[in-house]
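Residue numbers (our numbering): 57 to 742. Note that CB positions come from ideal geometry on N, CA and C, so glycine has one too. The structure displayed is predicted, hence computed values, not measured ones.
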Ligand code: CAA
């Protein structure tokens with residue numbers, strides 16, 4: 057037929073196989089022959105049943121995302137599903153790997169779905185800023201009920217084969233050769249005889265919907281959407297599936313899809329999908345990797361413990377080193393406690409907890425790191441301390457072991473120079489809590505060997521991290537830009553804004569929290585220590601720290617946290633302190649609006665990103681977006697700071713930076729040459 061779709065006949069059962077590597081996306085060159093095959097089979101009386109299967113590693117993983125934003129070539133998926141659904145003989149989707157998005161929608165066009173034990177099924181479109189546009193919102197609730205469909209579609213999280221079976225989404229789960237099982241299943245269904253009601257006609261489950269409970273759930277989801285349109289549209293579409301006749305609901309789904317796919321939010325989220333995959337690509341990534349069987353972690357504090365858990369969760373045995381038995385005991389106890397919390401929450405089984413804990417070996421002797429293939433240092437953030445540790449590592453580690461530092465700021469070239477093997481040294485900058493946060497900045501030092509780099513890029517993927525390779529500079533990509541964002545926060549306070557007003561401008565923009573809430577959460581003492589080390593000051597934050605107000609952990613910071621609460625309450629004392637400091641400096645407070653807050657904090661952030669690109673610290677603008685979305689909570693619907701700069705208009709950003717530079721003379725406002733070029737060319741390419 058075509059290289060993408062073939063049809064075989066096995067004793068009267070037609071097997072339609074889609075073969076479009078790597079993930080069998082429903083590209084035009086699949087849709088066209090698939091439609092032809094289904095039309096031909098529909099009209100072929102010799103065929104008793106039809107199985108739709110896929111070659112390669114997965115069932116169809118969705119529409120071809122690269123085709124979004126371009127005119128859609130016919131036939132569309134909806135038309136294919138309509139033809140499939142109208143076939144009178146039994147049709148069976150044989151699902152292995154992942155049936156996602158359009159893939160699951162295709163399967164929903166079949167009378168039956170059978171799955172391999174390891175298969176996962178879901179409608180993840182919401183993560184791309186859209187909703188299922190091939191009938192998924194209308195058909196899925198007819199099988200699993202409106203409440204379950206709402207959860208699956210709004211979260212976008214796929215479910216496993218057994219759960220899908222329990223929910224009524226699949227009709228059988230098999231181990232072994234799936235196509236053979238599917239053919240036998242189809243033959244059996246044909247033998248039993250129909251009728252075979254298509255999913256569109258199976259609305260019994262919908263009649264059980266508790267619409268009031270559904271609306272309450274949908275309202276809750278809308279509150280959590282933080283300005284994202286897709287989750288709300290998803291909920292609306294599922295509601296339509298319950299309240300409207302099938303074809304009307306389908307038309308409503310279509311209208312919502314068309315609107316969303318053209319939106320900036322969806323463009324931003326699609327940009328991030330490809331940006332994350334692009335970030336792991338760099339010249340030499342295919343170099344022969346070093347073997348990593350055991351990982352060593354130095355330091356069992358919050359950071360070290362989290363890093364150790366990240367590796368143990370990824371299946372690696374970990375040697376955890378501390379300076380004393382007491383510190384080691386404390387560190388291991390915290391790790392155990394964290395796993396116990398996961399068990400209590402139901403995200404980990406007792407058995408898995410035991411297995412994870414069995415991965416850890418504690419020691420206070422550097423010599424015990426000799427059998428580690430990668431050693432990550434997560435000790436105190438002090439150059440002298442790091443150099444001493446790397447000196448010891450140089451003596452203890454086996455030749456060829458990768459020596460990594462988790463430093464957030466320090467010069468890794470200098471750390472590497474304290475060893476006799478700088479080619480093996482690099483940075484692995486995890487974000488706290490390291491066992492949870494997805495981002496990993498991989499810092500390539502001047503002498504890092506390409507195979508060492510390729511090894512950790514691969515390793516990052518294996519432990520479920522989103523990796524971005526960055527160069528050496530103070531703070532690397534994320535923290536260096538964070539400093540640029542933060543530099544104006546205090547100035548805005550002195551000029552008349554309150555912490556809650558600034559934080560609100562951020563949350564209205566789509567951030568999960570504003571800079572002062574974040575400071576209170578992370579601990580104000582961290583920034584204070586860092587400023588003191590660099591001879592810098594921040595009059596208000598410094599004073600708060602002098603008063604012992606370190607944020608949530610002391611119950612007081614920029615806000616009050618009463619009785620251990622995590623909810624920030626504005627504190628008149630802080631506001632009085634701000635006014636006093638302003639008066640000392642002779643500043644007369646004025647009204648500051650949200651636009652100014654965003655301009656003075658986020659435009660310097662973009663500007664710093666442009667400098668980072670110019671200097672080659674990041675390879676691509678999209679890498680910076682990946683860092684900010686995955687490590688700092690930049691709103692996904694805006695695609696990261698560099699993508700957002702395009703939406704906002706680089707020319708506008710440059711104009712306003714110039715304005716603030718003229719008024720204040722501050723360096724953070726001086727437009728980077730690359731940003732000025734971007735304003736003219738609309739491209740971050742240097
Ligand atoms: N369209 C186009 N390309 C896709 C794709 C898609 N739907 N899904 C994956 N790819 C590409 C990736 O960009 C990547 O390309 P490169 O190798 O050039 O970087 C390649 O396929 C392999 O992807 P991964 O690296 O992600 O492979 P993985 O094994 O880690 O994960 C996966 C596989 C779970 C299927 C993952 O790729 C994934 O989640 N894909 C997206 C699934 C999705 O969102 N589907 C819904 C699409 S929208 C839709 O279907 C709308 C509709 O209603 C019709």
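Proximity below 8 Å, CB of residue i to CB of residue j
{"i": "residue 178", "j": "residue 133", "result": "no"}
{"i": "residue 743", "j": "residue 499", "result": "Absent from the structure is residue 743, since the part of the chain shown begins at 57 and ends at 742."}
{"i": "residue 636", "j": "residue 608", "result": "no"}
{"i": "residue 457", "j": "residue 429", "result": "yes"}
{"i": "residue 321", "j": "residue 274", "result": "no"}
{"i": "residue 555", "j": "residue 562", "result": "no"}
{"i": "residue 765", "j": "residue 525", "result": "Missing from the structure shown is residue 765; the chain here goes from 57 to 742 and no further."}
{"i": "residue 325", "j": "residue 312", "result": "no"}
{"i": "residue 89", "j": "residue 61", "result": "yes"}
{"i": "residue 229", "j": "residue 218", "result": "yes"}
{"i": "residue 157", "j": "residue 181", "result": "yes"}
{"i": "residue 370", "j": "residue 519", "result": "yes"}
{"i": "residue 192", "j": "residue 160", "result": "yes"}
{"i": "residue 154", "j": "residue 176", "result": "yes"}
{"i": "residue 682", "j": "residue 696", "result": "yes"}
{"i": "residue 486", "j": "residue 362", "result": "yes"}
{"i": "residue 443", "j": "residue 471", "result": "yes"}
{"i": "residue 450", "j": "residue 375", "result": "no"}
{"i": "residue 270", "j": "residue 205", "result": "no"}
is_contact[residue i, chain D] using C-beta, thresh 8 Å
{"i": "residue 637", "result": "No chain D appears in this structure, which consists of one protein chain only."}
With 16 other Cβ atoms within 10 Å as the buried cut-off, status of residue i
{"i": "residue 621", "result": "exposed"}
{"i": "residue 619", "result": "exposed"}
{"i": "residue 102", "result": "exposed"}
{"i": "residue 65", "result": "exposed"}
{"i": "residue 678", "result": "buried"}
{"i": "residue 314", "result": "exposed"}
{"i": "residue 144", "result": "exposed"}
{"i": "residue 436", "result": "exposed"}
{"i": "residue 377", "result": "buried"}
{"i": "residue 263", "result": "exposed"}
{"i": "residue 604", "result": "exposed"}
{"i": "residue 296", "result": "buried"}
{"i": "residue 667", "result": "buried"}
{"i": "residue 703", "result": "exposed"}
{"i": "residue 327", "result": "buried"}
Closest residue to residue i among the options (Cα-Cα distance)
{"i": "residue 745", "options": "180, 118, 98, 319", "result": "Nothing about residue 745 can be reported from this structure: the residues present for the chain run from 57 to 742 only."}
{"i": "residue 173", "options": "403, 658, 137, 216", "result": "216"}
{"i": "residue 488", "options": "687, 332, 603", "result": "687"}
{"i": "residue 631", "options": "558, 694, 726", "result": "558"}
{"i": "residue 550", "options": "71, 653, 740", "result": "653"}
{"i": "residue 420", "options": "288, 353, 371", "result": "353"}
{"i": "residue 238", "options": "689, 105, 574", "result": "105"}
{"i": "residue 601", "options": "348, 583, 170", "result": "583"}
{"i": "residue 231", "options": "735, 171, 383, 427", "result": "171"}
{"i": "residue 100", "options": "63, 160, 513, 690", "result": "63"}
{"i": "residue 257", "options": "141, 560, 243", "result": "141"}
{"i": "residue 579", "options": "597, 146, 291, 202", "result": "597"}
{"i": "residue 129", "options": "84, 168, 112", "result": "84"}
{"i": "residue 197", "options": "718, 294, 369, 345", "result": "294"}
{"i": "residue 249", "options": "727, 167, 658", "result": "167"}
{"i": "residue 334", "options": "513, 689, 203", "result": "513"}
{"i": "residue 351", "options": "204, 234, 728, 515", "result": "515"}
{"i": "residue 647", "options": "206, 438, 728, 553", "result": "553"}
{"i": "residue 251", "options": "306, 147, 289", "result": "147"}
{"i": "residue 639", "options": "595, 591, 205", "result": "595"}
{"i": "residue 410", "options": "391, 426, 418, 427", "result": "391"}
{"i": "residue 394", "options": "364, 418, 573, 383", "result": "364"}
Proximity test, residue i beta-carbon vs the ligand FMN heavy atom, cut-off 7 Å
{"i": "residue 674", "result": "In the structure on display, the ligand FMN does not appear, and the ligands it does have are the ligand CAA."}
| Start-end ranges of the alpha helix (DSSP H) lying completely within the segment 552-588, minimum 4 residues | Secondary structure remark: continuous alpha helix (DSSP H) runs of at least 4 residues inside the segment 552-588, in chain order: 555-565, 571-578.
| Contained alpha helix (DSSP H) runs [length at least 4] in the segment 355-394, N- to C-terminal order | Counting whole runs of 4 or more residues, the segment 355-394 contains the alpha helix (DSSP H) stretches 358-369.
| Every unbroken alpha helix (DSSP H) within the segment 422-464, with a cutoff of 4 residues, ordered by chain | Here the runs fully enclosed are 439-452.
| said: Going residue by residue through the segment 186-231, where are the continuous alpha helix (DSSP H) segments of at least 4 residues, counting only ones entirely within it? | reply: Residue ranges of uninterrupted alpha helix (DSSP H) with 4 or more members, entirely inside the segment 186-231 and ordered along the chain, are 192-200, 202-211, 217-223.
| task | Scan the segment 461-506 and note each continuous alpha helix (DSSP H) run of 4 residues or more that stays entirely inside, going in chain order. | result | You should have 468-473.
| request: Could you name each continuous beta strand (DSSP E) segment of 3 residues or more that falls completely within the segment 612-688, going from the start of the chain to the end? | output: DSSP runs (the beta strand (DSSP E)) wholly in the segment 612-688: none.
| query | Enumerated in chain order, which unbroken segments of the beta strand (DSSP E) with a length of 3 residues or greater are wholly contained in the segment 66-110? | reply | Runs of the beta strand (DSSP E) inside the segment 66-110: 69-74, 105-110.
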